[in-house]
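K.L.:
Here it is, the structure, as structure tokens.
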Amino acid sequence: MDKVKKAFSGMSASLLAIVAGLLAGFVILLISNPANAVRGLWTILLGGWNNGMKGMGQVLYYATPIIMTGLSVGFAFKTGMFNIGATGQLMMGGFVSVYVGVTWTFLPGALHWIVALMMGALAGMAWGMIVGLFKALLNVHEVITSIMLNYIALYLINYLIKISYLFDSLKNQSVNVAATAVIPKAGLDQIFFILKGKYHDASSVNAGILIAIGIALLMYVLLNKTTFGFELKAVGYNRHASRYAGISENRAIITSMAIAGGLAGVAGALMYLAPASGMHIHVEEVLAAQGFNGIAVALLGMSSPLGIIFTGLFIAHITVGGAYLQSLRYMKEIIEVIIGLIIYFSAFSLLVRDMILRANKKRRLKAEAQMKPEEES
Amino acid sequence: MDAIYFLVQQMMFFSIPLLIVALGGMFSERSGVVNIALEGIMVTGAFVSILFISNLQSVMSGQALLLLAILVAVVSGMLFSLLHAYAAINLRSDQTISGTALNMIAPAAAIYLARMLQPNGVQQVEFTNTFRIPSVPVLGDIPVLGPLLFQNAYITTYIGLLIFAVSAFVLYRTRFGLRLRSCGEHPQAADSVGINVYKMRYAGVMISGALAGLGGLVYVIPTSTNFNATVSGYGFLALAVLIFGQWKPLRILLAAFFFGLMKTIASAYSGIPVLQDLGIPSDIYKMVPFIATLIALAFTSRKSQAPRASGVPYDKGQR
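Chains as they are written, first to last, in my numbering: chain A, 22 to 398; chain B, 2 to 320.
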């Protein structure tokens, strides 16, 4: 019962943070252009609905990678590790899955994309595991290894694309993956579309979102219902106590980072194997933003897999909404400011939780005080 | 010889901002507050001070303008870092939360404000670089040392080195430094002898804000003629330099120079005949600084230990 109450007060703290962040965003809208502020806020809240079912499909599409990187960061948090390297793991996963998607055409159709996805996961896993190994065996702080590996992944991928026959030098990007390696739409394009005359204008949503949610549920079970998950969390709570209890700290660190890396690797695979805007990698010297956004998603979802599904969807929702702000002469960057503010306000959660608990206690005491005279009579 | 002069001059452009920001991070972490917001604070400091330069360059220029801009960068970085200090110290929240929030807010707000405040409505803030010193009077004429350190330089390089000396002195030779360190190692003990842990931690975070804000300006000035809402991940690299330097000033200096040198070789190898002749693709060179750092870390981190209470909120009630 207590657990439920705690989870509930945590959730209401996150909701309060969201409301406060949106209000602050409204104030910014008011300052920059008062005439359109109310419509601006409404546009943000509508999010994907600004463009009907197609827009909602886009929300699911954008939510897919950030739910996965959110899971990656959140999973590492549970073992007390800060995975700032989801970006690098994502890019490695994306690269390997594109490589498999382009070259392993000998695979039968239905198997091709699944193998590409799995190889991407393995690549991310290997990249994440390096962080764990450095931490466990050489005592190198995970943050520094992660940051270095982000950049190494970036340049390594650019190098590998350029020397392989994956390279399309005219467009300065990799060639598209084979049709069999593209993630199927799983009928979602029949739900998330708008009609333009007789033409189905479908969104880019695909089975990736179902895979992401499925994996989130799996992670929930792993963390909460298995001994393995319990051990990982125990190391995160108190590594001295868990060592005393016979849990190998090193093993927990390495496996936890490997799993976190694998989750980010899946994010990359789902991004680059997606129909529409995915399917190839641009050669550019920019770290993928989805990795860092994963930190925001994980924090707001309080590292819980179920929370992360919702925060990933929410952030994607207002981000898609932000794209429609331009018609009201607002800049879409305000969405990132709002997300940042929401995360900042979630730092108040401890304060809010205390307040809620105190209010509950007061109410209970009051109720008890009223009960007493009746009992006596 | 010219190649070496060029290398060292270039190295300063990479190393000095890393040094300044990493030293800032050191003050925060040694007081017990992890500051991953360095990147965001750098962006804020750079944005406000470059906007300041951009608006004032029609009436003044040169070192006077740069010194004023430095002051602006320091103050804006310090004010922005207060947000982190409040969440981490007063609210006792997880310190990655406010750090991540600041990192998200700063670049987006910089674009938003630049487009709102500038008459032309673009997100880049342009400025004219009138700050380069071709040769420092007298000192620039010294053989070897002159071209190495006193030609093609910026005043910010010397300020950076001065900050290093002052930081090392303050941290190890003053009462303030001792108290600050004690709050990062064992705040309960510090509190029991009458040190105000909250106040010391505020001081640590504010110093980190001031230096990170300055670092943002120092990074942008020699490498660009406009500010485009980014410091290219230098805040995170500074965090790496801080850990590489094991939270100690001298080691941070060495780490910053090591990394800066590697980075210079990676970006300027085509100007160095020996390296150019090797025929190694540029992407490999670009990986070198990061791989070299990882290798160096593998050998030097055995005894590395973060300040023990770093990242742990201090709750007076739990003493």
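Positions of the beta carbon are idealized from the N, C-alpha and C atoms, including for glycine.
Near B/Met12, what residues of its chain come up, given a Cβ to Cβ distance below 6 Å and the 5 sequence neighbours on each side ignored?
P.N.:
Answer for B/Met12: Gly261, Leu262 and Thr265, listed in chain order.
K.L.:
Beta carbon of A/Tyr293, beta carbon of A/Val119: below 8 Å?
P.N.:
Their beta carbons are under 8 Å apart, which means A/Tyr293 touches A/Val119 by this criterion.
K.L.:
Taking 7 Å as the limit between beta carbons, can you name the residues of its chain near B/Ser62, skipping five residues before and five after?
P.N.:
Taken in chain order, the residues that qualify are Thr131.
K.L.:
Do B/Met43 and B/Gly210 have their CB atoms nearer than 8 Å?
P.N.:
Not a contact, by the Cβ cut-off of 8 Å.
K.L.:
Kindly say whether A/Ile165, judged by its beta-carbon, lies nearer than 8 Å to any beta-carbon of chain B.
P.N.:
By this cut-off, A/Ile165 is an interface position.
K.L.:
If you follow the beta strand (DSSP E) that A/Lys217 is part of, which residue opens it and which one closes it?
P.N.:
Looking at the DSSP string, the run of the beta strand (DSSP E) that includes A/Lys217 is Phe214 to Lys217.
K.L.:
Classify A/Gly218 as buried or exposed, calling it buried when 16 or more other Cβ atoms lie within 10 Å of its own Cβ.
P.N.:
Exposed is the call here.
K.L.:
Let's see if you can read the secondary structure: which residues bound the beta strand (DSSP E) around A/Ala223?
P.N.:
Element bounds for A/Ala223: Tyr220 to Ala223.
K.L.:
Within 10 Å of its beta-carbon, does A/Glu163 have 16 or more other beta-carbons around it, so buried, or fewer, so exposed?
P.N.:
That one is buried.
K.L.:
When you compare only the Cα positions, how much space is there between A/Leu346 and A/Gly61?
P.N.:
For A/Leu346 and A/Gly61, the distance between alpha carbons rounds to 6 Å.
K.L.:
With a threshold of 8 Å between beta carbons, is B/Ser99 in contact with chain A?
P.N.:
Yes, because at least one Cβ of chain A sits closer than 8 Å to the Cβ of B/Ser99.
K.L.:
For B/Glu127, which beta-bridge partners are listed by DSSP?
P.N.:
B/Glu127 pairs with B/Asn227.
K.L.:
Tell me the DSSP bridge mates of A/Gln194?
P.N.:
DSSP, once it has assigned bridges, lists A/Asp189 and A/His303 as partnering A/Gln194.
K.L.:
B/Met207 CB to nearest chain A CB: under 8 Å?
P.N.:
No, its Cβ sits nowhere closer than 8 Å to a Cβ of chain A.
K.L.:
Starting from the beta carbon of A/Leu362, find every residue of chain B whose beta carbon is closer than 8 Å, and list them in chain order.
P.N.:
Correct list: Ala102 and Ile106.
K.L.:
Report, in whole angstroms, the separation of the C-beta atoms of B/Leu218 and B/Ala74, which I expect to be a contact under 8 Å.
P.N.:
The pair is a contact, with the Cβ atoms about 4 Å apart (cut-off 8 Å).
K.L.:
For B/Thr129, is the classification buried or exposed, using 16 other Cβ atoms within 10 angstroms of its Cβ as the cut-off for buried?
P.N.:
Exposed is the call here.
K.L.:
Name the chain A residues whose beta carbon is nearer than 7 Å to that of B/Thr294?
P.N.:
In chain order: Met169.
K.L.:
Can you give, in chain order, each stretch of the alpha helix (DSSP H) that sits fully within the segment 257 to 342 of chain A and has at least 4 residues?
P.N.:
Correct list: 260 to 265, 270 to 293 and 310 to 321.
K.L.:
Return the CA-CA distance between B/Val313 and B/Phe28, expressed in angstroms with no decimal places.
P.N.:
B/Val313 and B/Phe28: Cα-Cα distance of roughly 15 Å.
K.L.:
Determine, for A/Tyr180, whether the minimum Cβ-Cβ distance to residues of chain B falls below 8 Å.
P.N.:
Cβ-Cβ to chain B under 8 Å: yes for A/Tyr180.
K.L.:
The beta strand (DSSP E) spanning B/Pro135 covers which residue range?
P.N.:
Unbroken beta strand (DSSP E) run through B/Pro135: Ile134 to Ser136.
K.L.:
Report buried or exposed for A/Ala228, applying the criterion of at least 16 other Cβ atoms within 10 angstroms of its Cβ.
P.N.:
The residue in question, A/Ala228, is buried, as its Cβ has 16 or more Cβ neighbours within 10 Å.
K.L.:
Give me the subset of the segment 208 to 220 of chain B whose CB atoms are less than 8 Å from a CB atom of chain A, sorted by chain position.
P.N.:
Cβ contacts with chain A: none found.
K.L.:
Looking at the C-beta of B/Asp316, does it have a partner C-beta in chain A at a distance below 8 Å?
P.N.:
Taking Cβ atoms only, chain A never reaches closer than 8 Å to B/Asp316, which makes this a no.
K.L.:
Need the endpoints of the beta strand (DSSP E) that B/Asn153 sits in, please.
P.N.:
Its beta strand (DSSP E) spans residues Gln152 to Ala154.
K.L.:
Using only the alpha-carbon positions, how far apart do B/Pro18 and B/Gly161 sit?
P.N.:
Approximately 8 Å between the Cα atoms of the pair.
K.L.:
With distance defined between alpha-carbon atoms, name the residue in A/Gly46, A/Ile178, A/Ile88 and A/Asn57 nearest to A/Val318.
P.N.:
Looking at the Cα atoms, A/Ile88 is the closest of the given residues.
K.L.:
Does any residue of chain A have a CB that is nearer than 8 Å to the CB of B/Lys264?
P.N.:
No, its Cβ sits nowhere closer than 8 Å to a Cβ of chain A.
K.L.:
Please go through the same chain and pick out, in chain order, the residues whose beta-carbon is closer than 7 Å to the beta-carbon of B/Gly178, but skip the five residues on each side of it.
P.N.:
The answer, listed in chain order, is Val171 and Leu172.
K.L.:
Would you identify the three-state DSSP class for B/Ala4, choosing helix, strand or coil?
P.N.:
Of the three classes helix, strand and coil, the one that applies to B/Ala4 here is helix, per DSSP.
K.L.:
For B/Asp278 and B/Tyr286, I'd like the C-alpha separation in whole angstroms.
P.N.:
C-alpha separation (whole angstroms): 13 Å.
K.L.:
Are any of the Cβ atoms in chain B nearer than 8 Å to that of A/Phe214?
P.N.:
No, no contact with chain B.
K.L.:
B/Pro135 CB to nearest chain A CB: under 8 Å?
P.N.:
Not one chain A Cβ lies under 8 Å of B/Pro135.
K.L.:
Can you give the Cα-Cα distance for A/Met323 and B/Gly33, rounded to whole angstroms?
P.N.:
About 23 Å.
K.L.:
Are there three or more Cβ pairs, one per stretch, closer than 8 Å when the segment 267 to 286 of chain A is compared with the segment 129 to 136 of chain A?
P.N.:
Touching, no.
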